[in-house]
Every structure is written in C-alpha cells, then in structure tokens.
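Numbering (my numbering), first residue to last: 2 to 74. Presented below is the structure to which this report refers.
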C-alpha cells in the first residue's frame, strides 16, 4: 500500500494482504471510542478520513456475514 501511494475507498477489497483471502476497507465516522482529536486539530476535520482494514475469519466471512466465526464486542 505504501509503495503504491494508493487511496482506498469504502468497500474496496484488497487481495494482496493475506494469502488466500481478501480484506475489505471500511470507512466510518469518529465515535467516542475512536476520536482522532489531535489529527482533526492538526489537519482539520475536512481533510481526515477514518478507515479500517477488516480481516475475514478462516472461512472468508466478514463480521457482517452470517456465521462469522468471531464474537462481536
């Protein structure tokens, strides 16, 4: 990712992070648990995008899929 200077978007699948599986980029808003206050202060809210990489379970299912192997918490 760093070498390509790639911009990611919500829902984008990435196939070269885990052998045999895709990961997915999920975008979202700040929450009380995840609040980038210093980053907002430095760059401004309009220049900060929050994203995370979501990994599948061993069967290739994601948290939003039925039968996902790991508990939500």
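Ideal Cβ positions, reconstructed from N, Cα and C, are used throughout, including at glycine.
| request: Below 7 Å CB to CB, which residues in the same chain sit around residue 32 once its five sequence neighbours on both sides are set aside? | output: Cβ within range, chain order: n/a, list empty.
| field | Alpha carbon of residue 64 to alpha carbon of residue 13, nearest angstrom | value | When rounded, the distance between both Cα atoms is 15 Å.
| query | Of all the CB atoms in chain B, is at least one closer than 9 Å to the CB of residue 25? | reply | Reference to chain B is not applicable here, since this structure consists of a single protein chain.
| Alpha-carbon spacing of residue 38 relative to residue 50, whole angstroms | Whole-angstrom Cα-Cα distance: 13 Å.
| task | Check the C-beta distance from residue 76 over to residue 26 and give it rounded, since I have them as a contact under 8 Å. | result | Only positions 2 to 74 of the chain appear in the structure, and residue 76 is not among them; the question remains open.
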